[in-house]
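*Asks:*
In this note's numbering, the protein residues as written are 19 to 271.
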């Protein structure tokens with residue numbers, strides 16, 4: 019289960035690693051193009067932004083499109099800031115759009131960024147550019163370390179449990195034809211369970227998941243699944259989809 023803009027590439031990656039794939043996107047992406055973006059542009063032009071953190075390649079795409087509508091070049095606008103990418107895929111997207119990359123945490127996750135960089139960001143004006151469901155640990159961890167943190171929501175992730183591919187995935191799952199589940203976010207997991215509850219009791223859904231291999235892309239996703247009663251078998255050290263699949267491969271043989 020992946021956002022629509024990552025679904026095809028993620029499915030292909032899984033096939034290359036030996037999986038038979040049923041893919042679905044339980045989330046719609048909606049750009050959040052409003053006054054917050056205008057305010058950010060003004061602050062950046064005045065030199066009032068010390069650090070930007072881009073938390074996904076989807077966010078990079080959304081930001082560059084919204085800036086382009088305003089006649090702004092993302093690379094130029096951010097050239098005077100310290101630019102942090104949450105991981106290598108985000109960094110790749112940034113470079114493709116002419117945005118320099120000054121740092122990537124060694125552990126590709128919000129928790130890893132806080133552990134590695136929070137102290138050196140203390141006292142800095144930090145802007146988090148991300149989705150409507152960004153992990154709170156990033157904002158809270160940097161703020162507790164003394165950074166002046168502003169969050170800009172670049173796009174909203176909207177659950178879409180009625181999407182046809184989601185219904186197909188639910189039907190295949192409840193029929194016992196899915197052996198492993200790769201959850202890349204807490205919201206995608208919750209959205210899948212919500213979609214499944216339209217056709218079966220929650221107890222049956224949780225029981226079905228607990229009889230399969232379940233992988234979670236990062237600690238927050240694991241914790242949220244466990245709060246819902248789902249046993250998680252694989253959590254990669256780095257929160258990337260490739261690492262998640264690698265962690266699940268030996269469990270599916």
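The beta carbon of each residue, even a glycine, is placed where N, CA and C say it ideally should be.
1) Return helix, strand or coil for residue 242, following the three-state DSSP convention.
2) Comparing C-alpha positions only, which one of 211, 50, 242, 121 sits nearest to residue 174?
3) Once you ignore the five residues that flank residue 111 on each side, which residues in its own chain have a CB closer than 6 Å to its CB?
4) Tell me the start and end of each unbroken beta strand (DSSP E) in the stretch 31-117 that is at least 3 residues and wholly inside, in chain order.
5) Which residue wins for smallest C-alpha separation from residue 192, given the options 176, 178, 219, 200?
6) Grouping DSSP H, G and I as helix and E and B as strand, with all else coil, what is residue 170?
7) With contact counted as at least three CB pairs below 8 Å, one residue from each stretch, are the stretch 133-147 and the stretch 163-182 in contact?
8) Inspect the CB distances between the stretch 97-104 and the stretch 115-122 and report whether three or more fall short of 8 Å.
9) Who are the near neighbours of residue 65 in its chain, counting only those whose CB is closer than 8 Å to its CB and skipping five residues on each side?
10) If I follow the unbroken alpha helix (DSSP H) through residue 128, where does it start and stop?
11) Suppose you measure from the CA of residue 47 to the CA of residue 58; what does that come to, to the nearest Å?
12) Identify every residue that forms a DSSP beta bridge with residue 187.
13) So, under 8 Å CB-CB, residue 210 and residue 243 are touching, yes? Tell me the CB distance rounded to an integer number of Å.
14) Let me confirm a value: residue 15 is counted as buried when at least 16 other C-beta atoms fall within 10 Å, else exposed. Which label applies?
15) Check this for me: beta carbons of residue 25 and residue 178, under 8 Å apart or not?
*Replies:* Walking through what the data contain:
1) By 1-based counting over the chain shown, the position of residue 242 is 224. In the structure shown, residue 242 adopts helical secondary structure according to DSSP, grouped into three states.
2) Looking up residue 174 in the chain shown gives position 156. Of the residues 211, 50, 242, 121, the one whose Cα lies closest to the Cα of residue 174 is 50.
3) Counting from 1 along the chain shown, the entry for residue 111 is found at position 93. In chain order, 75, 78 place their CB closer than 6 Å to the CB of residue 111, counting only its own chain and leaving out the 5 sequence neighbours on each side.
4) Complete beta strand (DSSP E) runs here, min 3: 45-49, 69-72, 100-103.
5) Taking the first residue of the chain shown as position 1, residue 192 is located at position 174. Looking at the Cα atoms, 219 is the closest of the given residues.
6) As a working note, residue 170 is residue 152 in the chain shown. If DSSP states are grouped into helix, strand and coil, residue 170 belongs with the strands.
7) In short, these stretches touch, since the Cβ pair count reaches three.
8) Yes, the stretch 97-104 touches the stretch 115-122.
9) As a working note, residue 65 is residue 47 in the chain shown. Closer than 8 Å at the Cβ level, and outside the excluded window around residue 65, lie 98.
10) Taking the first residue of the chain shown as position 1, residue 128 is located at position 110. First-last of the alpha helix (DSSP H) with residue 128: 128-135.
11) One-based indexing of the chain shown puts residue 47 at position 29. One-based indexing of the chain shown puts residue 58 at position 40. Distance between the alpha carbons of residue 47 and residue 58: 21 Å.
12) Within the chain shown, residue 187 is the residue found at index 169, counting from 1. According to DSSP, residue pairing for residue 187 in a beta bridge does not occur.
13) One-based indexing of the chain shown puts residue 210 at position 192. One-based indexing of the chain shown puts residue 243 at position 225. Their Cβ separation, rounded to whole angstroms, is 10 Å, which puts residue 210 and residue 243 out of contact at 8 Å.
14) Because the chain here runs from 19 to 271, residue 15 falls outside it and cannot be looked at.
15) To locate residue 25, count along the chain shown from 1; it is residue 7. To locate residue 178, count along the chain shown from 1; it is residue 160. Going by C-beta atoms, residue 25 is not nearer than 8 Å to residue 178.
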